[in-house]
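In the working numbering, the protein residues as written are 22 to 246.
Inspection log for the structure reproduced underneath, given as structure tokens.
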């Protein structure tokens with residue numbers, strides 16, 4: 022029923038935990054396939070993927086292109102795209118099953134962002150992400166994307182962009198076809214710890230503003246790093 026697609030690039034530090042959170046879906050029978058779309062990892066990423074029984078697809082580095090390649094290899098009637106440093110918290114299997122049963126193939130779902138940091142500043146980022154998704158219908162890729170194969174194909178799938186592939190696809194979906202799910206997607210806060218909880222959000226906002234101003238994602242990707 023469901024194929025899970027994960028883009029990876031030297032993701033060994035987080036991938037095992039991400040895959041571990043998906044095990045309940047395999048036990049339940051919901052998850053029929055795991056696809057790892059790798060952009061040329063040089064660490065143990067592929068070893069971890071092989072041990073998990075994943076189908077491995079090689080692609081040029083760049084999340085949009087990797088997601089597109091992973092989707093092309095997916096066989097499920099439903100697709101769930103998850104980042105390699107994001108763990109779906111307990112309850113996701115039941116919620117995904119209910120969404121597939123009740124929403125029909127014409128809607129897509131996304132999870133509630135959470136960061137693996139206990140500090141208040143992380144909660145502020147989470148709240149800002151919730152507001153962005155609710156007010157502007159712009160959930161980011163670290164919130165996951167649950168979508169039927171039929172709808173994915175209808176809108177043309179992920180564009181092979183190095184950045185903003187998540188914004189691009191949800192804009193093509195539009196507000197009326199997006200639904201917020203209640204399960205948390207617990208995502209690594211490593212970039213926020215590295216760059217700071219002021220500088221990192223400002224950098225993200227600058228990338229988003231640049232994208233809407235028409236700056237090519239190839240140029241914006243240098244700012245995002």
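Every residue gets a Cβ at the ideal spot worked out from N, C-alpha and C, and that includes glycine.
This one's a predicted model, so the numbers in the text were calculated from it and none came from an experiment.
Span of the beta strand (DSSP E) around residue i
i: residue 41; result: Per DSSP, residue 41 belongs to no beta strand (DSSP E); it is in the alpha helix (DSSP H), 33-41.
i: residue 172; result: Here residue 172 belongs to no beta strand (DSSP E); instead the alpha helix (DSSP H) covers 170-176.
i: residue 220; result: Here residue 220 belongs to no beta strand (DSSP E); instead the alpha helix (DSSP H) covers 220-233.
i: residue 199; result: 199-208
i: residue 23; result: 23-29
i: residue 182; result: Premise fails: residue 182 is in no beta strand (DSSP E) and is neither H nor E.
Through-space distance from residue j to residue i, alpha-carbon basis
i: residue 22; j: residue 89; result: 19 Å
i: residue 66; j: residue 31; result: 6 Å
i: residue 48; j: residue 167; result: 19 Å
i: residue 42; j: residue 110; result: 7 Å
i: residue 245; j: residue 228; result: 7 Å
i: residue 135; j: residue 120; result: 21 Å
i: residue 33; j: residue 40; result: 11 Å
i: residue 153; j: residue 159; result: 6 Å
i: residue 204; j: residue 116; result: 7 Å
i: residue 97; j: residue 123; result: 18 Å
i: residue 250; j: residue 36; result: Look at the range of the chain in this structure, 22 to 246, and you will see that residue 250 is not part of it.
i: residue 218; j: residue 141; result: 10 Å
i: residue 240; j: residue 85; result: 15 Å
i: residue 220; j: residue 212; result: 10 Å
i: residue 176; j: residue 61; result: 28 Å
i: residue 233; j: residue 87; result: 23 Å
i: residue 71; j: residue 216; result: 33 Å
i: residue 194; j: residue 144; result: 28 Å
Whole-angstrom C-beta distance between residue j and residue i, which should lie under 8 Å
i: residue 58; j: residue 78; result: 5 Å
i: residue 100; j: residue 192; result: Their Cβ separation, rounded to whole angstroms, is 18 Å, which puts residue 100 and residue 192 out of contact at 8 Å.
i: residue 83; j: residue 132; result: Wrong, their Cβ atoms sit about 23 Å apart, outside the cutoff.
i: residue 130; j: residue 202; result: 5 Å
i: residue 105; j: residue 26; result: Wrong, their Cβ atoms sit about 11 Å apart, outside the cutoff.
i: residue 75; j: residue 56; result: 7 Å
i: residue 138; j: residue 210; result: 4 Å
i: residue 174; j: residue 182; result: The pair is not a contact, with the Cβ atoms about 18 Å apart (cut-off 8 Å).
i: residue 207; j: residue 114; result: With 8 Å as the limit, residue 207 and residue 114 do not qualify as a contact, their Cβ atoms being about 15 Å apart.
i: residue 180; j: residue 108; result: So it is not a contact: roughly 26 Å between Cβ atoms.
Buried or exposed by the 16-neighbour rule on C-beta atoms within 10 Å, applied to residue i
i: residue 226; result: exposed
i: residue 235; result: exposed
i: residue 186; result: buried
i: residue 68; result: exposed
i: residue 146; result: buried
i: residue 223; result: exposed
i: residue 63; result: exposed
i: residue 46; result: buried
i: residue 155; result: exposed
i: residue 102; result: buried
i: residue 230; result: exposed
i: residue 178; result: buried
Limits of the alpha helix (DSSP H) - the one that residue i falls within
i: residue 114; result: 113-124
i: residue 242; result: 238-245
i: residue 211; result: 211-216
i: residue 194; result: 186-194
Only counting runs of 3 or more residues, tell me where the beta strand (DSSP E) segments fall wholly within the stretch 43-99, in order along the chain.
-> Those beta strand (DSSP E) runs which fall completely within the stretch 43-99 and span 3+ residues are 52-59 and 76-79.
Hey, which unbroken runs of the alpha helix (DSSP H) at 4 residues or more fall wholly within the stretch 132-162?
-> Correct list: 141-157.
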